[in-house]
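If you want the numbering used here, it's the 1-based position in the sequence shown plus 25.
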Amino acid sequence: MNAVSRPLIWAFDQLQAHAESEPTRRRVGKALIVYFLAALALIELNSLGWLPAFLARNISVNRFDAVTQTFTLVLVLEVVDLVFSLPKSTSKSVGKQFEILALILLRNAFKELTHLPVPIDIAHHTDVLVNLATNGGGALVVFVLLGAYKHAQHCAPKHWAPDILAKFIAAKKLVALVVLGSFLCMGVYDGLLRLRGLPPIDLFHDFFTVLIFTDILILLIAQRYMPQFHAIFRNSGFALSTLFIRMSLTDDTILSAIIGVGAMLFAVCLTYASNRFYTITASEGGQCQFPDSPR
C-alpha cells in the first residue's frame with residue numbers, strides 16, 4: 026500500500042465496520058418499520074382525500090405501493106452489503122448478487138399486486154396472477170439453488186499465499202469504494218429526477234451493469250497474482266453470471282425468471298466443477314470429501 030491507497034482502505038474499513046455493526050443494523054431495522062407504517066398511513070390519508078394538493082399528487086393511493094417501496098429500501102441495504110462483500114471473495118460477492126436477484130423477483134411479485142383492485146379480485150386479472158406466480162416461483166428456485174451454491178463454498182480451491190492474498194484484498198477494497206461511490210451517485214441522481222417530476226433511472230438495473238465491469242476489473246486484477254487457466258476461467262464464469270443477472274432484469278416477466286434461474290444454475294455448476302476437479306481444501310482444514318470420495 027502507498028500513501029494514497031492507505032487512507033482510502035482505512036476509510037473503507039471504517040465504513041464497513043460501522044455498516045455491519047449491531048447498533049446500526051438495529052437502527053436500520055427500526056427505520057424500515059417506521060417507513061412502512063408511515064407510507065401506509067399517508068397512502069390511506071390520500072385515498073380518503075385528506076392530504077393537501079401538493080402532497081396528494083406525489084403520493085400513491087394504492088396500499089400495496091407501501092410494500093414495494095419498503096422492498097426497494099431493503100434492496101438498497103442489500104446492495105450496500107454486496108459492496109462490502111466484494112473484498113471478501115469473488116464467490117461470496119456473486120452469491121450476494123443472487124440474493125439480490127431473488128429479492129428483486131420477490132419485489133416484482135409484490136409489485137403485481139398494485140395492478141389488482143382493492144379488495145383483491147383476480148377474476149379478470151389472470152395475467153397479474155401468472156406474473157406474480159412466475160416471479161415468486163423464480164425467486165423460490167433461486168433461493169433453493171443458493172443453498173446448493175453456498176454448500177459448495179465449504180470446499181474451495183486454494184489459490185492464494187497469505188502475502189499475495191493481502192495485496193489482492195487491498196486492491197478489491199479500493200474497487201469496492203469506487204463502486205459504493207457510484208451507487209450513491211446513481212441514487213442521488215435518481216432522487217433528483219423524481220423530485221423534478223422526470224422519469225427516474227432504473228437504479229438496480231444500472232447498478233448491475235456497473236457490476237459487470239467491476240467483476241471484469243477484479244478478474245484482471247486477480248490475473249496479476251494468479252494467471253492459471255482454471256482460476257481465470259472460474260472468475261470469468263462468475264463475471265458472466267453477473268451478465269446473466271443483468272439480462273434477467275428485463276420487462277418480460279417470464280423471461281426474467283427463466284434467465285435468472287439459468288444464471289443461478291450456471292454459477293452452481295461452475296462452483297461444483299471448479300471445486301471437484303481442481304486443488305481442493307476444506308474451509309475448516311483437511312481434505313474436502315465428496316459423496317464418492319474415499320473416506
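Glycine is no exception: its CB is placed at the ideal position from the N, C-alpha and C atoms. These numbers were taken from a predicted model, which means no experiment stands behind them.
Same chain, Cβ closer than 6 Å to residue i, five either side skipped, listed in chain order
i, result
"His140", "Val153"
"Lys5", "Shown here, the chain extends from 26 to 320; a query on residue 5 therefore has no answer."
"Thr275", "Ser281"
"Ala164", "Ala127, Leu130 and Leu131"
"Ala134", "Leu157, Asn160 and Gly161"
"Leu138", "Phe89"
Beta-carbon contacts of residue i that lie in its chain and below 8 Å, excluding the five residues immediately before and after
i, result
"Ala64", "Asp90, Ala91, Gln94 and Thr95"
"Leu171", "Gly120, Phe123, Glu124, Ala127 and Met289"
"Val167", "Phe123, Leu126, Ala127, Leu130, Gly285, Val286 and Met289"
"Leu295", "Arg259, Gly262, Phe263 and Ser266"
"Phe229", "Leu100, Val104, Ile125, Ile129 and Leu274"
Sequence-distant residues of its chain with Cβ nearer than 7 Å to residue i (five each side left out)
i, result
"Phe232", "Val104, Phe208 and Met211"
"Tyr60", "Thr95 and Leu98"
"Leu244", "Asn260, Ser261 and Ala264"
"Ala173", "Val293"
"Leu33", "Leu199 and Leu202"
"Lys136", "Thr93"
"Val155", "none"
"His43", "Thr49"
"Gly311", "Model confidence at Gly311 stands at a pLDDT of 42, short of 50, so the residue's coordinates are unreliable and nothing is read from them."
Three-way DSSP call (helix, strand, coil) for residue i in this model
i, result
"Val29", "coil"
"Leu157", "helix"
"Ile84", "coil"
"Pro48", "helix"
"Trp35", "helix"
"His149", "coil"
"Gln248", "helix"
"Gly54", "helix"
"Leu268", "helix"
"Leu171", "helix"
"Gln94", "helix"
"Thr396", "Absent from the structure is residue 396, since the part of the chain shown begins at 26 and ends at 320."
"Gln253", "coil"
"Leu76", "coil"
"Tyr303", "coil"
Any non-hydrogen atom of the ligand SAM within 8 Å of residue i CB
i, result
"Leu76", "The ligand content of the structure shown is nil, which means the ligand SAM is not present either."
> Which whole runs of the beta strand (DSSP E) in the region 103-147 are 3 residues long or more, in chain order?
Replying inline: none
>> Pairs of beta-carbons, one from the region 214-230 and one from the region 146-163, closer than 8 Å: are there three or more?
In response: no
> What are the start and end residues of each continuous alpha helix (DSSP H) run of 4 or more residues lying completely inside the region 176-245, in chain order?
Replying inline: 187-220
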